[in-house]
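In this note's numbering, the protein residues as written are 223 to 395.
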């Protein structure tokens, strides 16, 4: 177990998980449903975090090593599509803050784990200061939602088309 702190206090977080204290608090604070945030939103958020790391490096506000590690973590998560670490409920308060922090914590932890592979020294990557640098949930959450809708639109369009065909067949009988 590792101990993580925030402005509310301390919590024990299992060593083997990528999420952190904010994600755990969100899971406990919003026990409305067991349904998690849709993977399309998580994928979109990962693309946003990756783009922000690259932009922050180019702006000179994030060093290259941290940027590369954040990008690698995002790529690994996008490629693996293993979203078990994204534990925030689909229905939550806070206008997406919990989802944003869950993504920040997962990317941060994975980036630090990547940094120590092959005997390298661990690079500290902070979920807010590094992964979330130059971002606001008020911008990233609606952006991730819109990106997810664009990804899911072809599936919806096909389903609506099938429904129209089925209803037309019923009407013709």
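C-beta: ideal position from N, C-alpha, C; glycine also.
With 16 other Cβ atoms within 10 Å as the buried cut-off, status of residue 321: buried
Between the C-alpha atoms of residue 338 and residue 344, what's the straight-line distance to the nearest angstrom? 5 Å
How long is the line joining the alpha carbons of residue 281 and residue 304, rounded to whole angstroms? 31 Å
Residue range of the beta strand (DSSP E) that includes residue 234: 232 to 235
Have a look at residue 265 and residue 296 and give me their C-alpha separation to the nearest angstrom. 9 Å
Tell me the rounded alpha-carbon separation between residue 227 and residue 247. 11 Å
Count the other CB atoms, across all protein chains shown, that sit within 10 Å of the CB of residue 283; report buried if there are 16 or more and exposed otherwise. exposed
Using only CA atoms, which one of 348, 390, 342 and 372 lies nearest to residue 329? 348
For residue 353 versus residue 313, is the C-beta distance shorter than 7 Å? no
Could you check the C-alpha separation between residue 299 and residue 268 for me, to the nearest Å? 8 Å
Per DSSP, residue 335 forms a beta bridge with which residues? None, per the DSSP bridge assignment.
Kindly give me the distance between the Cβ atoms of residue 307 and residue 363, rounded to whole angstroms, as I take these residues to be in contact under 8 Å. No, residue 307 and residue 363 are not in contact; Cβ-Cβ is about 18 Å, not under 8 Å.
Compute the Euclidean distance between the alpha carbons of residue 377 and residue 310, then round it to the nearest angstrom. 25 Å
Please look up how many angstroms separate the CB atoms of residue 323 and residue 244, rounded, as I've assumed it's under 8 Å. 4 Å
Less than 6 Å between C-beta atoms, sequence neighbours within five positions excluded: which residues of the same chain meet that for residue 289? 275 and 279
Contacts around residue 422, its chain only, beta-carbon distance under 8 Å, and the 5 residues preceding and following it disregarded: Within the shown structure, residues of the chain are numbered from 223 to 395, placing residue 422 beyond reach of any answer.
Measure the Cβ-Cβ separation of residue 262 and residue 373 and say whether it is below 7 Å. yes
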